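Below: one structure, written as structure tokens.
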Amino acid sequence: PNEWLTKLWDFFREECYCIDLLDSLSEIPLVPTTEGRLVQMCEVAQVILASAGAGAEQSVRLSVLSKLSCMFLDTEIVHSSPLLESLSFAQLEKPQTVLQLLQHADRTATLRTAASLSASEKAELRNFLGQSVKEIGKDLPENLKDFLRALPIYRSTDASFVAVPSQVLGWV
Numbered sequence: 261p262n263e264w265l266t267k268l269w270d271f272f273r274e275e276c277y278c279i280d281l282l283d284s285l286s287e288i289p290l291v292p293t294t295e296g297r298l299v300q301m302c303e304v305a306q307v308i309l310a311s312a313g314a315g316a317e318q319s320v321r322l323s324v325l326s327k328l329s330c331m332f333l334d335t336e337i338v339h340s341s342p343l344l345e346s347l348s349f350a351q352l353e354k355p356q357t358v359l360q361l362l363q364h365a366d367r368t369a370t371l372r373t374a375a376s377l378s379a380s381e382k383a384e385l386r387n388f389l390g391q392s393v394k395e396i397g398k399d400l401p402e403n404l405k406d407f408l409r410a411l412p413i414y415r416s417t418d419a420s421f422v423a424v425p426s427q428v429l430g431w432v
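So this is what it looks like as structure tokens:
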């Protein structure tokens, strides 16, 4: 079933350099995910592009994000292509894009709850998303700060996981 899709993406890589093609194909689900779904090109911001050769740390992040219902580009089918490079995927190497993806999934009710994660998975998610704050600092949009505060991934004094109240100053 994936043979035609592999051939299509091989064509995009080898023969097709027309970025205008995006407009005509944007509504057609042609972007394969590792979950077996096809996503429209206009919705690729909801798909995470993870670089090949994932180390142990990246594998844990991928596992945590998949438990939250994130989708990942199937790089077995889609190889590098000028068309692919022009699409705006969320990138695992850029935590802010993943944070934006999670916020979008939360708004559209497709995000699985962080409460279902284990304590170590919540800690990994907190550390990973915390990179956005460190990398971007004060320039992180307020709506993303609010979303990050609202995730129940912060350990309280009684060892439960809670959201950070918006009144708490200085953490972001």
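Just add 260 to wherever you are in the sequence shown, counting from 1, and you've got our numbering. We put the beta carbon where it would ideally sit given N, CA and C, even for glycine. Bear in mind that the values here come from a model prediction, so they are computed numbers and not experimental data.
Mind reading off the beta-carbon distance from residue i to residue j? Whole number of angstroms is fine, and I expect it under 8 Å.
i	j	result
L385	I413	5 Å
V307	L298	The Cβ separation is near 11 Å, so there is no contact.
Q391	L352	Contact flag wrong, Cβ pair sits at about 11 Å.
R273	S323	About 29 Å; that fails the 8 Å criterion.
F407	Q363	5 Å
L411	A374	5 Å
P355	E402	About 17 Å; that fails the 8 Å criterion.
Is it buried or exposed for residue i, if we count other Cβ within 10 angstroms and need 16 for buried?
i	result
K508	With the chain running from 261 to 432 in the structure shown, residue 508 is simply not present.
W269	buried
F271	exposed
A316	exposed
D283	exposed
D418	exposed
V245	There is simply no residue 245 to check, as the chain begins at 261 and stops at 432 in what is shown.
So, residue i versus residue j, is the Cβ gap smaller than 8 Å?
i	j	result
A305	S346	no
K327	S376	yes
A365	S416	no
A350	V338	no
Tell me, which residues are paired with residue i by DSSP?
i	result
R415	F421
L385	DSSP output for L385 lists no bridge partner at all.
V393	In the DSSP output, where bridge partners are listed per residue, V393 has none listed.
F332	I308
T293	L333
L298	P292
Ends of the alpha helix (DSSP H) at residue i?
i	result
V358	355-367
L325	316-327
L265	263-274
L404	402-410
Does the Cβ of residue i lie closer than 7 Å to at least one heavy atom of the ligand SAH?
i	result
G296	Among the components modelled here there is no ligand, and therefore nothing to report on the ligand SAH.
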